[in-house]
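Enquirer: Residue numbers (my numbering): 45 to 316. From the three backbone atoms N, C-alpha and C, an ideal C-beta is built for every residue, glycine too. Given the structure is predicted, the values throughout are model-derived calculations rather than measurements.
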Ligand SMILES: [Zn+2]
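Written out as structure tokens, the structure reads:
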């Protein structure tokens with residue numbers, strides 16, 4: 045079970061990086077949403093669910109958990125809560141004894157469930173991706189075990205998750221607002237492109253016509269040449285036939301002459 049890997053969507057990951065690096069004075073956390081597929085935990089979404097927190101403690105708002113489950117059922121997707129995330133501001137990435145107890149509860153509900161621990165304090169100063177500390181854990185026995193993870197990069201998977209994400213109404217409104225300007229720009233480009241297309245179409249048509257004419261001429265020349273060659277061949281054939289006949293006649297004449305001579309010889313022999 046410990047070899048099970050974790051794959052997290054860039055969307056969920058960037059949300060957590062944002063929440064972790066903008067809360068450097070207190071712990072924050074929430075739920076990880078996704079699915080378990082072929083023993084792999086696929087995290088598609090991250091939710092912020094802080095009820096109470098201080099620099100070394102965070103308590104989740106359980107009502108949010110119920111709302112998530114309700115929302116997922118309404119959407120009719122297979123997704124579920126596959127783990128939880130929280131931060132250790134400036135403390136590094138590990139599971140505390142409290143974290144181990146919490147993680148045991150998650151694993152009792154879903155054996156593949158993971159705990160994601162993050163420390164975004166260095167990152168908040170440097171803004172260098174490598175300075176963001178993160179780790180995924182499971183508990184085996186009473187010990188925390190690190191779990192390998194990767195960030196989802198398959199464009200098809202990303203697109204399908206993004207489509208799911210877009211189905212949420214609030215996000216659609218945001219995206220429409222932000223994309224209106226870019227759509228307007230694209231339209232401007234499109235009009236310019238259209239003119240360009242019309243222009244090139246005319247040029248293309250002309251080129252095609254010229255090419256067609258050239259090809260037609262070439263074909264006719266070829267046809268004429270072929271006819272000439274054919275005529276020459278036919279003339280040659282006739283010549284050969286004529287010569288063949290001539291040969292036949294001359295051979296027949298020669299044969300006839302020999303026979304006549306033979307007959308003449310026989311007559312001479314009989315007379316003597
Ligand atoms: Zn902790």
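#1: Would DSSP call residue 76 helix, strand or coil?
#2: Comparing alpha-carbon positions, which option in 275, 289, 152 lies nearest residue 185?
#3: Of all the alpha helix (DSSP H) runs that stay within the bounds of the stretch 150 to 180, which reach a length of 4 or more residues?
#4: Quick one: using the 10 Å Cβ neighbour count with 16 as the cut-off for buried, is residue 182 buried or exposed?
#5: Given a cut-off of 8 Å on the beta-carbon distance, is the pair residue 49 and residue 194 in contact?
#6: Would you list, in sequence order, the uninterrupted beta strand (DSSP E) runs of no fewer than 3 residues that lie entirely inside the stretch 84 to 115?
#7: Can you round the beta-carbon distance between residue 123 and residue 77 to whole angstroms, since I take them to be within the 8 Å contact cut?
#8: Identify which residue in 301, 58, 179, 309 has its Cα closest to the Cα of residue 137.
#9: Count the other C-beta atoms from every protein chain shown that fall within 10 angstroms of the C-beta of residue 125, then say buried if there are 16 or more, exposed otherwise.
#10: Helix, strand or coil: how does DSSP classify residue 227 here?
#11: So residue 132 packs on residue 71, CB below 8 Å; how close in whole Å?
#12: Determine the direct distance from the alpha carbon of residue 67 to that of residue 96, and round the result to whole angstroms.
#13: Report the CB separation of residue 135 from residue 163 in whole angstroms; it is logged as a contact under 8 Å.
#14: Say yes only if the C-beta of residue 143 is nearer than 7 Å to one or more non-hydrogen atoms of ligand 1, and no if none qualify.
#15: Excluding the 5 residues flanking residue 227 on each side, which residues of the same chain have their C-beta closer than 8 Å to its C-beta?
Expert: Let's see:
#1: For the purposes of this step, residue 76 is identified with residue 32 of the chain shown, where counting begins at 1. Strand, per DSSP.
#2: Locating residue 185 in the chain shown gives position 141, counting from the first residue. Comparing Cα-Cα distances from residue 185 to each of 275, 289, 152, the minimum goes to 152.
#3: 165 to 170
#4: Stepping through the chain shown from its first residue, residue 182 is reached at position 138. With 16 or more other Cβ atoms within 10 Å, it is buried.
#5: Your numbering for residue 49 matches position 5 in the chain shown. Your numbering for residue 194 matches position 150 in the chain shown. Result yes, Cβ atoms of residue 49 and residue 194 sit closer than 8 Å.
#6: 84 to 92, 94 to 98, 101 to 104
#7: Your numbering for residue 123 matches position 79 in the chain shown. Your numbering for residue 77 matches position 33 in the chain shown. That belief holds up - the Cβ atoms of residue 123 and residue 77 are roughly 6 Å apart, short of 8 Å.
#8: Indexing the chain shown from 1 puts residue 137 at position 93. When each option's Cα is compared against that of residue 137, the closest is 179.
#9: By 1-based counting over the chain shown, the position of residue 125 is 81. Burial call: buried.
#10: Locating residue 227 in the chain shown gives position 183, counting from the first residue. In this prediction, residue 227 has a pLDDT of 49, which is less than 50 and means its spatial position is unreliable; nothing more can be read from the coordinates.
#11: Position 88 of the chain shown, counting from 1, holds the residue named residue 132. Position 27 of the chain shown, counting from 1, holds the residue named residue 71. At roughly 7 Å, the Cβ-Cβ gap stays under 8 Å, so residue 132 and residue 71 are in contact.
#12: Residue 96 sits at position 52 when you count from the first residue of the chain shown. Residue 67 sits at position 23 when you count from the first residue of the chain shown. C-alpha separation (whole angstroms): 13 Å.
#13: Residue 135 sits at position 91 when you count from the first residue of the chain shown. Residue 163 sits at position 119 when you count from the first residue of the chain shown. That belief holds up - the Cβ atoms of residue 135 and residue 163 are roughly 6 Å apart, short of 8 Å.
#14: Here residue 143 refers to the residue found at position 99 of the chain shown. The answer is yes for residue 143.
#15: In the chain shown, residue 227 corresponds to position 183, counting from 1. Low local confidence applies: a pLDDT of 49 at residue 227 is under 50, so the model's placement there is unreliable, and no value is given.
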